[in-house]
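Report on one structure; see the data block that follows.
Numbering (the numbering used here), first residue to last: 43 to 377.
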């Protein structure tokens, strides 16, 4: 596949295109609060200052297609994606709440078994929630709370010109049956390594090594990087040949894939090697793949060719800008 065809395939991937609906929501609700909200829309988790620490709040729903295809993995991944949202922010997950909508009790049972396994593996409990019995559909949605030290959160809107772009992925995984874009690196691993992977971004954050970051989710590697750049108001030039990839996995499939453990971060170049070394301690392969710039475009290169993947002056992924996540007005409680 030539570079332009690859770019079109990635841009039109549903994992990317379905993010556009976010743009109609981010400016709908009032940005007023009696708490100190440090970050919100465009981040993997909202960040609230509370008692000298940070509370991290996130929520995710599972797409109906996955629920129909594999209810067990729907439950399993519902837990996993929430944990990764907190981890990507440099936080430590504390607990989750679930909303389980039930049409078919057999499907519900499989979903719960998947959730149970993930809770056991990662050690993050489900402490409550809500159940819709006799529903017209089957669905699982989860919300999570985590914590981080003040000044240690990793944001999506803080990339700077000149930053290195680093991607890190666990290449030791597999694609479950009928899930060609879900690279699973957790199902066959022991809890000990999974919990170390879960906390690696927290360790990186404590050393102040990264400027911005996100976990690689449904939009895939470049879609996730695109969301980070869009939220930061920046661009980047990325070399596709430098993105780590397992042997035997085709490039287009890989770049579209949700990663069982994968992150894209930007950092001052003086910290790049240290980040790569820290990822390696938990089995995550990483590489410097490009540079952040002020061009407001994500440009990719391969085989002597360049192509614009996203031009944020002309198009959106989510519509989140640097101002979307901050700028909350404080209002006194009770007035």
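For each residue, glycine too, the CB sits at the ideal point set by N, CA and C. These numbers come from a predicted model, not from an experiment.
Between the segment 68-79 and the segment 142-159, the count of C-beta pairs closer than 8 angstroms stays below three; the two stretches do not touch.
Between residue 321 and residue 254, the beta carbon gap of about 16 angstroms keeps them out of contact (Cβ cut-off 8 angstroms).
In chain order, 207, 264, 267, 331, 332, 340, 341, 342, 343 place their CB closer than 8 angstroms to the CB of residue 280, counting only its own chain and leaving out the 5 sequence neighbours on each side. Distance from the Cα of residue 295 is smallest, within the candidate group 241, 261, 303, 108, for 261. Here the alpha carbons of residue 205 and residue 272 stand approximately 15 angstroms from one another. Between residue 155 and residue 117, the beta carbon gap of about 7 angstroms places them in contact (Cβ cut-off 8 angstroms). With a cut-off of 8 angstroms on Cβ pairs, the segment 291-308 is not in contact with the segment 169-188, counting fewer than three such pairs.
In the same chain as residue 374, and ignoring 5 residues on each side of it, the C-beta atoms closer than 7 angstroms to its own belong to 76, in chain order. In the DSSP assignment, residue 139 falls within the beta strand (DSSP E) that extends over 134-143. DSSP lists no beta-bridge partner residue for residue 150.
Here residue 82 carries a coil assignment [DSSP, helix/strand/coil]. Taking all protein chains shown into account, residue 372 has fewer than 16 neighbouring C-beta atoms within 10 Å of its C-beta and is therefore exposed. For the 7 angstroms CB-CB criterion, residue 236 and residue 228 form a contact. Within the same chain, and ignoring the five residues on either side of residue 169 in sequence, the residues whose Cβ sits closer than 8 angstroms to its Cβ are 137, 138, 139.
For residue 293, the enclosing alpha helix (DSSP H) stretches over residues 293-298. Judged by DSSP secondary structure, residue 119 falls within the alpha helix (DSSP H) whose first and last residues are 113-130. For residue 351, the uninterrupted beta strand (DSSP E) segment begins and ends at 347-353. Only buried fits residue 258, as 16 or more other CB atoms lie within 10 angstroms of its CB.
In this structure, the CA atom of residue 161 is about 20 angstroms from the CA atom of residue 105.
Between residue 143 and residue 201, the CB-CB gap reaches or exceeds 7 angstroms. For residue 322, the enclosing alpha helix (DSSP H) starts and ends at 314-322.
For residue 374, the secondary structure class from DSSP, reduced to helix, strand or coil, is coil. In the three-state DSSP reduction, residue 43 falls in the coil class, being neither helix nor strand.
Pairing residue 355 with residue 349, the inter-Cα distance amounts to about 16 angstroms. Counting only the Cα atoms, residue 293 lies some 14 angstroms from residue 46. As computed with DSSP, residue 254 is found in a beta bridge with 308.
Membership of residue 244 in any beta strand (DSSP E) is not indicated; the residue belongs instead to the alpha helix (DSSP H) covering 233-248.
The continuous beta strand (DSSP E) containing residue 170 extends over residues 168-174. With a threshold of 16 other beta carbon atoms within 10 Å, residue 239 meets it and is buried.
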